[in-house]
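Trainee: Sequential numbering from 1 applies to the sequence shown in full-length UniProt numbering. Even for Gly, the Cβ is constructed at its ideal location relative to N, Cα and C. Got a structure for you, questions after.
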Amino acid sequence: MATASARHILVNDETFCHELKAKISSGEITFEEAARDHSLCPSGIKGGELGSFSQGQMVPEFDKVVFNDEVGVVHGPVKTQFGYHLLEITERS
Numbered sequence: 001m002a003t004a005s006a007r008h009i010l011v012n013d014e015t016f017c018h019e020l021k022a023k024i025s026s027g028e029i030t031f032e033e034a035a036r037d038h039s040l041c042p043s044g045i046k047g048g049e050l051g052s053f054s055q056g057q058m059v060p061e062f063d064k065v066v067f068n069d070e071v072g073v074v075h076g077p078v079k080t081q082f083g084y085h086l087l088e089i090t091e092r093s
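Have a look at this one:
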């Protein structure tokens, strides 16, 4: 079964999610800083780190990105029932 490691940032607003992604992409802030300062998820204190998980353990919107898209790139906004996420896949096997 496929496994992956990822980190994410959760916010309530899609526009703000786009703004954070732009700041991360430009190098103005790091993904970890953005997660610590802005994520609504408890994982924010760990820089958004979600650890390792198998396909099917996260919501379907996460799985679609984490198990199909490019590793090491910031993806999103990804809308889920919880809000808007930026996702970075750190490893996949």
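Would you mind working out which of Ser93, Glu88 and Phe82 sits nearest Leu40, comparing C-alpha positions?
Mentor: In the sequence shown, the residue the question calls residue 40 occupies position 40. Nearest C-alpha to Leu40: Phe82.
Trainee: DSSP three-state label for Ile29, please.
Mentor: One-based indexing of the sequence shown puts residue 29 at position 29. It is coil, neither helix nor strand.
Trainee: Comparing alpha-carbon positions, which option in Ile9, Ser93, Val78 and Leu86 lies nearest Pro60?
Mentor: The residue you call residue 60 lines up with position 60 of the sequence shown. Closest by alpha carbon: Val78.
Trainee: With distances taken between CB atoms, is the gap from Arg92 to Leu50 smaller than 7 Å?
Mentor: On the sequence shown, position 92 is the one that residue 92 refers to. On the sequence shown, position 50 is the one that residue 50 refers to. No. Outside cutoff.
Trainee: By the three-class DSSP mapping on this structure, what secondary structure does Gly76 have?
Mentor: Residue 76 sits at position 76 when you count from the first residue of the sequence shown. Correct three-state label for Gly76: strand.
Trainee: Spell out the partners DSSP gives Leu86 in its beta bridges.
Mentor: In the sequence shown, counting from the first residue as 1, residue 86 sits at position 86. The partner list for Leu86 (beta bridge, DSSP) reads Ile9.
Trainee: Within its chain, find whatever has a CB closer than 6 Å to the CB of Thr3; leave out the 5 residues flanking it on each side and keep chain order.
Mentor: Residue numbering aside, residue 3 sits at position 3 when the sequence shown is read from its first letter. Excluding positions up to five away in sequence, the list reads Ser52, Ser54 and Ser93.
Trainee: Pull up the distance between the alpha-carbon of Val73 and that of Glu88, whole angstroms please.
Mentor: If you number the sequence shown from 1, residue 73 lands on position 73. If you number the sequence shown from 1, residue 88 lands on position 88. Whole-angstrom Cα-Cα distance: 6 Å.
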